[in-house]
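Have a look at the structure below, then the notes.
2 protein chains.
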Amino acid sequence: MEGKTQIQEAIKIQGEVVRRMKSEKASKEQIDKEVAKLLELKAQLGGDDGKHQFVLKTAKGTRDYNPKQMAIREKVFNTIISCFKRHGAETIDTPVFELKETLTGKYGEDSKLIYDLKDQGGELLSLRYDLTVPFARYLAMNKITNIKRYHIAKVYRRDNPAMTRGRYREFYQCDFDIAGQYDGMVPDAECLRIVHEILSELDLGDFRIKVNDRRILDGMFAVSGVPDDMFRTICSTVDKLDKMPWEDVKREMVNEKGLSEEAADQIGKYVSMQGGMDLAERLLQDHKMSQSKQACAGLSDIKLLFSYLQLFQVTDKVVFDLSLARGLDYYTGVIYEAVLSQPGVQSSSNEVQNGSPADECISVGSVAGGGRYDGLVGMFDPNGKKVPCVGVSIGIERIFSFMEQKAEALALKIRTTEVQVMVASAQKNLMEERLKLVTELWNAGIKAEVMYKRNPKLLSQLQHCEDSGIPLVAILGEQELKDGVVKLRVVATREEVDISRATLIEEIRRRTSEA
Amino acid sequence: MEGKTQIQEAIKIQGEVVRRMKSEKASKEQIDKEVAKLLELKAQLGGDDGKHQFVLKTAKGTRDYNPKQMAIREKVFNTIISCFKRHGAETIDTPVFELKETLTGKYGEDSKLIYDLKDQGGELLSLRYDLTVPFARYLAMNKITNIKRYHIAKVYRRDNPAMTRGRYREFYQCDFDIAGQYDGMVPDAECLRIVHEILSELDLGDFRIKVNDRRILDGMFAVSGVPDDMFRTICSTVDKLDKMPWEDVKREMVNEKGLSEEAADQIGKYVSMQGGMDLAERLLQDHKMSQSKQACAGLSDIKLLFSYLQLFQVTDKVVFDLSLARGLDYYTGVIYEAVLSQPGVQSSSNEVQNGSPADECISVGSVAGGGRYDGLVGMFDPNGKKVPCVGVSIGIERIFSFMEQKAEALALKIRTTEVQVMVASAQKNLMEERLKLVTELWNAGIKAEVMYKRNPKLLSQLQHCEDSGIPLVAILGEQELKDGVVKLRVVATREEVDISRATLIEEIRRRTSEA
Numbered sequence: 001m002e003g004k005t006q007i008q009e010a011i012k013i014q015g016e017v018v019r020r021m022k023s024e025k026a027s028k029e030q031i032d033k034e035v036a037k038l039l040e041l042k043a044q045l046g047g048d049d050g051k052h053q054f055v056l057k058t059a060k061g062t063r064d065y066n067p068k069q070m071a072i073r074e075k076v077f078n079t080i081i082s083c084f085k086r087h088g089a090e091t092i093d094t095p096v097f098e099l100k101e102t103l104t105g106k107y108g109e110d111s112k113l114i115y116d117l118k119d120q121g122g123e124l125l126s127l128r129y130d131l132t133v134p135f136a137r138y139l140a141m142n143k144i145t146n147i148k149r150y151h152i153a154k155v156y157r158r159d160n161p162a163m164t165r166g167r168y169r170e171f172y173q174c175d176f177d178i179a180g181q182y183d184g185m186v187p188d189a190e191c192l193r194i195v196h197e198i199l200s201e202l203d204l205g206d207f208r209i210k211v212n213d214r215r216i217l218d219g220m221f222a223v224s225g226v227p228d229d230m231f232r233t234i235c236s237t238v239d240k241l242d243k244m245p246w247e248d249v250k251r252e253m254v255n256e257k258g259l260s261e262e263a264a265d266q267i268g269k270y271v272s273m274q275g276g277m278d279l280a281e282r283l284l285q286d287h288k289m290s291q292s293k294q295a296c297a298g299l300s301d302i303k304l305l306f307s308y309l310q311l312f313q314v315t316d317k318v319v320f321d322l323s324l325a326r327g328l329d330y331y332t333g334v335i336y337e338a339v340l341s342q343p344g345v346q347s348s349s350n351e352v353q354n355g356s357p358a359d360e361c362i363s364v365g366s367v368a369g370g371g372r373y374d375g376l377v378g379m380f381d382p383n384g385k386k387v388p389c390v391g392v393s394i395g396i397e398r399i400f401s402f403m404e405q406k407a408e409a410l411a412l413k414i415r416t417t418e419v420q421v422m423v424a425s426a427q428k429n430l431m432e433e434r435l436k437l438v439t440e441l442w443n444a445g446i447k448a449e450v451m452y453k454r455n456p457k458l459l460s461q462l463q464h465c466e467d468s469g470i471p472l473v474a475i476l477g478e479q480e481l482k483d484g485v486v487k488l489r490v491v492a493t494r495e496e497v498d499i500s501r502a503t504l505i506e507e508i509r510r511r512t513s514e515a
Numbered sequence: 001m002e003g004k005t006q007i008q009e010a011i012k013i014q015g016e017v018v019r020r021m022k023s024e025k026a027s028k029e030q031i032d033k034e035v036a037k038l039l040e041l042k043a044q045l046g047g048d049d050g051k052h053q054f055v056l057k058t059a060k061g062t063r064d065y066n067p068k069q070m071a072i073r074e075k076v077f078n079t080i081i082s083c084f085k086r087h088g089a090e091t092i093d094t095p096v097f098e099l100k101e102t103l104t105g106k107y108g109e110d111s112k113l114i115y116d117l118k119d120q121g122g123e124l125l126s127l128r129y130d131l132t133v134p135f136a137r138y139l140a141m142n143k144i145t146n147i148k149r150y151h152i153a154k155v156y157r158r159d160n161p162a163m164t165r166g167r168y169r170e171f172y173q174c175d176f177d178i179a180g181q182y183d184g185m186v187p188d189a190e191c192l193r194i195v196h197e198i199l200s201e202l203d204l205g206d207f208r209i210k211v212n213d214r215r216i217l218d219g220m221f222a223v224s225g226v227p228d229d230m231f232r233t234i235c236s237t238v239d240k241l242d243k244m245p246w247e248d249v250k251r252e253m254v255n256e257k258g259l260s261e262e263a264a265d266q267i268g269k270y271v272s273m274q275g276g277m278d279l280a281e282r283l284l285q286d287h288k289m290s291q292s293k294q295a296c297a298g299l300s301d302i303k304l305l306f307s308y309l310q311l312f313q314v315t316d317k318v319v320f321d322l323s324l325a326r327g328l329d330y331y332t333g334v335i336y337e338a339v340l341s342q343p344g345v346q347s348s349s350n351e352v353q354n355g356s357p358a359d360e361c362i363s364v365g366s367v368a369g370g371g372r373y374d375g376l377v378g379m380f381d382p383n384g385k386k387v388p389c390v391g392v393s394i395g396i397e398r399i400f401s402f403m404e405q406k407a408e409a410l411a412l413k414i415r416t417t418e419v420q421v422m423v424a425s426a427q428k429n430l431m432e433e434r435l436k437l438v439t440e441l442w443n444a445g446i447k448a449e450v451m452y453k454r455n456p457k458l459l460s461q462l463q464h465c466e467d468s469g470i471p472l473v474a475i476l477g478e479q480e481l482k483d484g485v486v487k488l489r490v491v492a493t494r495e496e497v498d499i500s501r502a503t504l505i506e507e508i509r510r511r512t513s514e515a
């Protein structure tokens, strides 16, 4: 491998030498000598690996975003960021890689999906797996005890991606978190309000936000007779309820995990329950559930949460759902997940989506998720000092796919530039005049383009406007120059009108602010 | 290492078991048994590595951006992106890592600075080193022959960073490139116009844009008597002219690289030349320089470039400077570099900055650089099909530092949020009323905040406004609720006025649009 690279390098240099000798008109003998050297090198490479063919692709599980995809992405980001800013969030950024040990012990089984960097001497590094652990590290490192921040960035998971279903190894996460010791459930309620605002504004169709609490789950397991050391494994089975029917979930609990039939049935009764504040009230009276202090604490908080959600005017979409589990270890209190009722224009995906909301398996149609994690920051603090946190992760990769599909289905024309005016000419030899005019427009802050050919055809200039959605063309010709005017053409209507150079800027501003 | 991690994992789980048993009020015997197991595990770890102390830091050469830094960054990005959009650019994105072989043979000696990912099975991957090579790969892969695009993203170099001087291993690049077969020098001139616009708008003080051409350099070396195979090494010595005096550069050429004294002196004459179109004209008449076809082609293009720069109104800052070399291999024509005349508020840095413009060593004060690279895309095309490209990279890391220093020096107050109104109360038990009001504001699209405590002190609510620059406070009290009004307080003047609930939104909009 090393040898091959060196030979390739040598071939490149030798090729350059030959090229330069030719362009500098060196003697034929000299050139021939250098060409011979080049051929020899190439033969060497051929002998080493004759079939070597350069592979032109992106790394497995990754993709480029083309301008159209970027335009959609920008629109989605703007909506989401506006919402975060409306709620007074700051933003931070952290490096794409962390010390390996920073990530160690945070993701349970999924740790095997972490990308490690090669040991090239120095620290052992890994690519971030989510934005939550770097956030907790940031808080502990800077001794920050309260902050409301968002962070939009790419994370990395060595998963086996099904890219046709929108799952990638490199994907965006879009997190909003509130850290700080506050009176109960107000920040939690604000996170749900934010999910409600974003999903409504993005116009993704109807949605539902499921809410539960880690303490209610644990309490439910305890009072149903699940042994303490099985809480986690049973929880992860419950987590599958959105992908498989109760019978299969029960079978896994009993047959694979060895839970008693009675315990499973008791769990089955609870996890079928959905409701609002009333359900929390009812469960507080439930003779079994009320035996668990943890469950009672969780249920009281759910009641309080719903009272705030009413004030925030979002109860229409929120449902208290005892089957919501969310696999992630670090949650300690309320958890939630938003699902689309109509799973996209093209509902082919009957698969768990990973390049998606939060940090583990998310059900079909899930577009946001999060919860309270009061212990994570303490894992980084040398004295274990805790900073309570609650947050939400918007599943923007899924939202991107949805928007892309929608744009395609509706054959929407998506502009990839914001150009307002194309400076064109109908006659030859007016390049300099075009450049002069486009400079005037740029000076006035108008978004303008000019073709880079000396003598482009008018038709091709107009065609470019059609293709890229430029609304106006400023056409120059000998006559217009003599008259001190510009022919302003509206691309959509083909209407043309002469505008004096003195008022052109004003006229363009007037017309483009209308649009 | 592996064993240690497993033990740490086991300790975590065991700790959790103990915690839960306690919270579930298990029997003392049971708890004691589990605590004993926990202590045993801890002892095991201690024996393995007693001194192990978790290191709370970011990876070497990287940093977090705090909200204040992010606010500055956002401002700079907005200015730059607006300019790119004004010139009709689209944007693309590529993955943070590429196949290792995509980067192979593109960076010469600097290839050793590339971060590789660990071989975890599958493809060999590396973190991107710049945005230009991924761009060329993208064009070849998608058979794109013309595009005008910008790309802002982080790149990675395993350099020995001097972070105090603003050099990092992870840093932003901010590239604008025009690909396509066009009539000469128009896209090249637009790149310079863009540099001019951005540096002017960012208000970084006076600047200069140096321009040269790779062909003029090569021709100059040829007519000065530099042997063909020494072009590159002599070029890289010339590149040091902005950091050391001519005498030292000459000494390196003659003593270290073995160039003849006469050739060095001839080069010395040329590289001291600076001017505009007139200098290009004069050199076309120069009896030595005119012997090189390459040099003549470069000089004619410089003349043409300056004629377009005049139309673009940027010649005030552009200078044709024969000492500008730029080390990167892939340049084939015009090259340029922008330098600040006053190198920042705090001119401590007398060092080459790497987290900076383009792709190699950049001189003191350099804030942008680029050039024409007509051969790079062809290196990726299976048939070697070339796509001519010209581009510029804005050195935003350096610009960030500059802005940060400026903000600090002028003690500027930088807002990290955009909140317009704080909803506060002077009395207790008004949490619900505050939440109701803030919901009304959010519904109207107003950026508003509320404190998460049930009964915060008015003083601390006002203090928060002072600290974070919130201009207005909407104060609720029993009396205001009775009267159907809100007391609107202007934080700056402390002026307070009662506004009816019905007109509050309108009033806030009026006041904040004024600001």
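If you read the sequences in order, they're chains V and F. Going by full-length UniProt numbering, the letters in the first sequence line up with residues 1 to 515, in that order. Going by full-length UniProt numbering, the letters in the second sequence line up with residues 1 to 515, in that order. Virtual Cβ for every residue (Gly too), placed ideally from N, Cα, C.
May I have the straight-line CA-CA distance separating residue i from residue j, to the nearest angstrom?
i        : j        : result
F/Lys12  : V/Tyr107 : 12 Å
F/Arg434 : F/Val497 : 18 Å
V/Pro456 : V/Ile475 : 12 Å
V/Ile178 : V/Arg149 : 7 Å
V/Ala26  : F/Asn66  : 58 Å
V/Val223 : V/Lys288 : 6 Å
V/Glu261 : V/Val254 : 6 Å
F/Asn146 : V/Asp483 : 35 Å
V/Asp203 : V/Leu340 : 11 Å
V/Met230 : V/Ile414 : 52 Å
V/Phe306 : V/Met277 : 6 Å
V/Ala444 : V/Asp175 : 38 Å
Run through the DSSP bridge pairs and tell me what residue i is partnered with.
i        : result
V/Lys154 : V/Tyr172
F/Asp321 : F/Gln274
V/Arg208 : V/Val339
F/Glu496 : F/Arg489
V/Glu449 : V/Met422
F/Arg372 : F/Val390
Would you say residue i faces chain V, with C-beta separation under 8 Å as the test?
i        : result
F/Gln294 : yes
F/Asn383 : no
F/Met289 : no
F/Leu217 : no
F/Gln461 : no
F/Asp203 : no
Please return the same chain residues whose Cβ sits closer than 7 Å to the Cβ of residue i, not counting the five positions on each side in sequence.
i        : result
V/Tyr115 : Ser126, Leu127, Tyr156 and Arg158
Is there a Cβ of chain F sitting closer than 8 Å to that of residue i, yes or no?
i                      : result
V/Thr315               : no
V/Ile92                : yes
V/Met244               : no
V/Val195               : no
residue 521 of chain V : With chain V covering only 1 through 515, there is no way to say anything about residue 521 of chain V.
Excluding the 5 residues flanking residue i on each side, which residues of the same chain have their C-beta closer than 6 Å to its C-beta?
i        : result
F/Asn354 : Only weak support exists for where F/Asn354 lies, its pLDDT of 40 falling under 50; the value from the coordinates is given anyway. Around F/Asn354: Asp159 and Arg167.
Excluding the five sequence neighbours on either side, which residues of its own chain have a C-beta within less than 8 Å of the C-beta of residue i, listed in chain order?
i        : result
F/Gln479 : none
### Task
Below 7 Å between beta carbons is the criterion; list the residues of the stretch 424-444 of chain F that meet it against any residue of chain V, in chain order.
Within the stretch 424-444 of chain F, the qualifying residues are Glu432, Leu435, Lys436, Thr439 and Trp442.
### Query
Using a Cβ cut-off of 7 Å, which residues of the stretch 114-130 of chain V contact any Cβ in chain F, in chain order?
Flagged, chain order: Tyr115, Asp116, Leu117, Lys118, Gln120, Gly122, Glu123 and Leu125.
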